[in-house]
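Protein chains: 4
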Amino acid sequence: MKPSLPTRQPRMTKEARRADIFAEAILIIGELGYRAFSLSDLARRCGLTNAGLLHYFGSKEGLLIALLQERDRQDERAVAAVLEPYISSEPITREACRASLHAIVARNAGQPDMIRLYAMLRAEALAPDHPAYRFFRNRETATIELFRQMVTGHVPDPLSTARQIEALMNGFEAQWLRQDCRFDLVAEWDKVVTLIIA
Amino acid sequence: MKPSLPTRQPRMTKEARRADIFAEAILIIGELGYRAFSLSDLARRCGLTNAGLLHYFGSKEGLLIALLQERDRQDERAVAAVLEPYISSEPITREACRASLHAIVARNAGQPDMIRLYAMLRAEALAPDHPAYRFFRNRETATIELFRQMVTGHVPDPLSTARQIEALMNGFEAQWLRQDCRFDLVAEWDKVVTLIIA
Amino acid sequence: MKPSLPTRQPRMTKEARRADIFAEAILIIGELGYRAFSLSDLARRCGLTNAGLLHYFGSKEGLLIALLQERDRQDERAVAAVLEPYISSEPITREACRASLHAIVARNAGQPDMIRLYAMLRAEALAPDHPAYRFFRNRETATIELFRQMVTGHVPDPLSTARQIEALMNGFEAQWLRQDCRFDLVAEWDKVVTLIIA
Amino acid sequence: MKPSLPTRQPRMTKEARRADIFAEAILIIGELGYRAFSLSDLARRCGLTNAGLLHYFGSKEGLLIALLQERDRQDERAVAAVLEPYISSEPITREACRASLHAIVARNAGQPDMIRLYAMLRAEALAPDHPAYRFFRNRETATIELFRQMVTGHVPDPLSTARQIEALMNGFEAQWLRQDCRFDLVAEWDKVVTLIIA
DNA sequence: TATGAATGAGCTTTCATTCAT
DNA sequence: TATGAATGAAAGCTCATTCAT
Chain F
69 MKPSLPTRQP
79 RMTKEARRAD
89 IFAEAILIIG
99 ELGYRAFSLS
109 DLARRCGLTN
119 AGLLHYFGSK
129 EGLLIALLQE
139 RDRQDERAVA
149 AVLEPYISSE
159 PITREACRAS
169 LHAIVARNAG
179 QPDMIRLYAM
189 LRAEALAPDH
199 PAYRFFRNRE
209 TATIELFRQM
219 VTGHVPDPLS
229 TARQIEALMN
239 GFEAQWLRQD
249 CRFDLVAEWD
259 KVVTLIIA
Chain L
69 MKPSLPTRQP
79 RMTKEARRAD
89 IFAEAILIIG
99 ELGYRAFSLS
109 DLARRCGLTN
119 AGLLHYFGSK
129 EGLLIALLQE
139 RDRQDERAVA
149 AVLEPYISSE
159 PITREACRAS
169 LHAIVARNAG
179 QPDMIRLYAM
189 LRAEALAPDH
199 PAYRFFRNRE
209 TATIELFRQM
219 VTGHVPDPLS
229 TARQIEALMN
239 GFEAQWLRQD
249 CRFDLVAEWD
259 KVVTLIIA
Chain C
69 MKPSLPTRQP
79 RMTKEARRAD
89 IFAEAILIIG
99 ELGYRAFSLS
109 DLARRCGLTN
119 AGLLHYFGSK
129 EGLLIALLQE
139 RDRQDERAVA
149 AVLEPYISSE
159 PITREACRAS
169 LHAIVARNAG
179 QPDMIRLYAM
189 LRAEALAPDH
199 PAYRFFRNRE
209 TATIELFRQM
219 VTGHVPDPLS
229 TARQIEALMN
239 GFEAQWLRQD
249 CRFDLVAEWD
259 KVVTLIIA
Chain V
69 MKPSLPTRQP
79 RMTKEARRAD
89 IFAEAILIIG
99 ELGYRAFSLS
109 DLARRCGLTN
119 AGLLHYFGSK
129 EGLLIALLQE
139 RDRQDERAVA
149 AVLEPYISSE
159 PITREACRAS
169 LHAIVARNAG
179 QPDMIRLYAM
189 LRAEALAPDH
199 PAYRFFRNRE
209 TATIELFRQM
219 VTGHVPDPLS
229 TARQIEALMN
239 GFEAQWLRQD
249 CRFDLVAEWD
259 KVVTLIIA
């Protein structure tokens, strides 16, 4: 029998490898932030070397960008799925509006690691020279605009309402994390939405 | 004639020095976070050396703790001042409640650097091994409890409302920073409070 | 219809490839030296990968050796061509001697990149553990010996004169490069040769 | 008796330390060049750590600059000493001219490590982005100008002669190093100077 | 013929900290 | 009160090289 020499790595497909790295990156960046996490730590957790990691992403910043793009693609898909039932009948009803927001928060509540990552990066990326500065700026603008369209017709000041929704969502999620998910995020959310959207 | 010796430092009192350091620390930690900012950077900005800085605070963590304590003392004083007019007649009226929240947000709006610092640290301190973990956990609990007492009697579910206020405040402030203070934070705040507190 | 497969590389012959690599290597090693240039840089400039490059030469050192051998062959041919007219009538005349030296310098003046490469490597290869140490040692010895034979009969101390010629040639070429080829190398050379060879 | 704890470093004066570092730097940079030598190697040889070394010079480039400045100061002093006897009677005589050049080469012959360093750096610094590019460009210009002034009145074309001297000096010194100092550099130099300066 | 994955060693530089002065 | 010297550890990144494909 041929003695298997120390095969450096079990040979994963490129896609599997990247998914693996992303999964760990979400955890570590979510905990320490982009600036403070270390590539070596991440590499170790993924079972490859520092240089091996950089082989995929070129640089620390490259990794972050790739991660955000990947997540963005998935988020877009998810939001689209949530809104799909209502796209035919624009403008959507007040009920559909509530349902959509409910769905978004419910989905987030299912992946607290992602909430943590975004909470961390959102704060870090307030600094204009942060590599994710643009990303979160655009994202916030787009999100508020989406909410504005959704609530238009159901509230007196759609822009304000959209801002409120965005602020509440982020604020609640952070609170939820700090309290170790010990209250029912979705229930609390539904409550406040009832107030916000008349 | 006595030759003036090279007094490098313009002779500051210990207190003035600390205040100076805190002022810079608020900026730099607000931008980079506690984990990613560097003592050398801060020292340079304060016009003293690495070792000189540590002379005052002992360690990086010591500096953070000192800063948070200092700010906390000031915050407590400010909140007390805000609530003072109403402490005699507990429970406070709905109007007093709104006025107090208004005052808090108005005060914050006057010091965006502090908002930034807290937004950054609040996110970083979600990690249990962060030196400010306890601080922000307790702070959030205390804040929500304070709000709960304030709104009790004016809303059906005081705890939920308190959570909403806390979440909204943080969420709005972050949004305000990301949009370069380009909307009227206080006005938006008053609007939403009207909805939240019936 | 047969779908044209993605032929990445425009299909070069092995020889063309090597010539291509050598051409770039002359530039990059001439600029940075053997020790400081990087295979990856060279590979990128040649339009292939790191591993692709090594496929041809086995190692960094192998590349240098191959380059030097290749150039040496060409140099030898060139010098031979220069001396050919005189080989029948040994010893060559004083006039032929001057003409030969003129031809050598004139040829070099036509390829400043090669001058730069040799100037760089000659300096680096002063260290005994440099892979080109032997090469340049032997080369210098051979060159001085060649010059000695050429000038024998025309000067009182042929070995000294040979050394002078070798030193002058290298020194002048370096000077010429540093001054961005802004003086007439060949003219200056002819002048000094007249002095050196009576 | 108090057991001496591991005193990190025997506490040298700043000047002694720098001199020590320069001495080693001359050797290591002379052997490997600026680009290829490593700060860690140098630090180890000087008996301190990587970070300790950088404490003095800030960066690798800073070290090179400091070294060149230091040497330049010493060289200037040495050349001034050599020329001093003649400065009163300008223009200097042909004999004084020869004597000066002799003195310069003789001095160099006494410190082959310096010759090696300069030979190495002169080649490396042909690249415009080398940190010593300017230094060696200016130095060569100044040297040639000095020689020109010295030989003016004794040769038909002073600039050409100055160039020849500069080229010969560098060329001879390199040759001398490559042949392990096995011929009499100063004697050969005097011989050729006799030819160059009629 | 050439690539992509991966590594181990090494690079310069920065970090928080200690300590004698 | 504050500095300068020095450190050990770690940072992000590059290096030449190996190997399976």
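Chains as they are written, first to last, in the numbering used here: chain F, 69 to 266; chain L, 69 to 266; chain C, 69 to 266; chain V, 69 to 266.
Glycine is no exception: its CB is placed at the ideal position from the N, C-alpha and C atoms.
Since the structure is predicted, the reported quantities are computational estimates derived from the model, not experimental observations.
Short CB-CB distance (under 8 Å) between residue i and chain F
i               : result
F240 of chain L : yes
L135 of chain L : no
V173 of chain L : no
R184 of chain L : yes
G126 of chain L : no
L169 of chain L : no
L253 of chain L : no
G101 of chain L : yes
L236 of chain L : yes
CB contact check: residue i to chain L, cutoff 8 Å
i               : result
L245 of chain F : yes
L73 of chain F  : Unreliable placement is indicated for L73 of chain F, whose pLDDT of 39 sits below 50; the coordinate value is still reported in the next sentence. Answer no: the Cβ-Cβ gap between L73 of chain F and chain L never drops below 8 Å.
S108 of chain F : no
Whether residue i touches residue j by CB criterion (8 Å)
i               : j               : result
D181 of chain F : I96 of chain F  : no
R184 of chain C : L100 of chain C : no
L136 of chain C : A200 of chain C : yes
R231 of chain V : E256 of chain C : yes
N118 of chain V : R190 of chain V : no
F240 of chain V : A164 of chain C : no
E92 of chain L  : C114 of chain L : yes
P159 of chain L : T211 of chain L : no
L263 of chain F : L263 of chain L : yes
R175 of chain F : H222 of chain F : no
Of the listed residues the options, nearest to residue i (C-alpha basis)
i               : options                           : result
L253 of chain V : C:R139, C:M237, C:S228 and C:A187 : C:S228
I133 of chain V : V:S156, V:Y102, V:I160 and V:Q179 : V:Y102
Q179 of chain L : L:P159, L:T220, L:N206 and L:A146 : L:A146
Q247 of chain V : C:T209, C:T81, C:R139 and C:W257  : C:T209
A195 of chain L : F:A104, F:R86 and F:M80           : F:A104
M218 of chain F : F:R141, F:L116 and F:V150         : F:V150
E213 of chain V : V:R86, V:P224 and V:I233          : V:I233
Residue i at chain C interface by Cβ criterion, 8 Å
i               : result
K204 of chain V : One detail in the question is off: residue 204 of chain V reads as Phe in this sequence, not Lys. Closer than 8 Å to some Cβ of chain C, the Cβ of F204 of chain V qualifies, so yes.
I96 of chain V  : no
Q232 of chain V : yes
E92 of chain V  : no
L121 of chain V : no
E213 of chain V : no
Interface flag, residue i vs chain V, CB-CB below 8 Å
i               : result
M218 of chain C : no
M188 of chain C : yes
E129 of chain C : no
Cβ neighbours of residue i in the same chain (closer than 7 Å, five flanking residues each side left out)
i               : result
A242 of chain C : A187
K128 of chain L : L107
V173 of chain F : M237, L253, V254 and W257
Buried versus exposed call for residue i [16 or more other C-beta atoms within 10 Å across all chains shown]
i               : result
R216 of chain V : buried
S168 of chain L : buried
R76 of chain V  : In this prediction, R76 of chain V has a pLDDT of 46, which is less than 50 and means its spatial position is unreliable; nothing more can be read from the coordinates.
I265 of chain L : buried
N206 of chain C : exposed
E192 of chain L : buried
I155 of chain C : exposed
G98 of chain V  : buried
K70 of chain C  : For K70 of chain C, the pLDDT reaches just 41, beneath the cut-off of 50, and the residue's location in the model is therefore unreliable, leaving the point undetermined.
H123 of chain V : exposed
R141 of chain C : exposed
Sequence-distant residues of the same chain with beta carbon closer than 6 Å to residue i, five excluded per side
i               : result
V261 of chain C : R166 and L169
I89 of chain C  : C114
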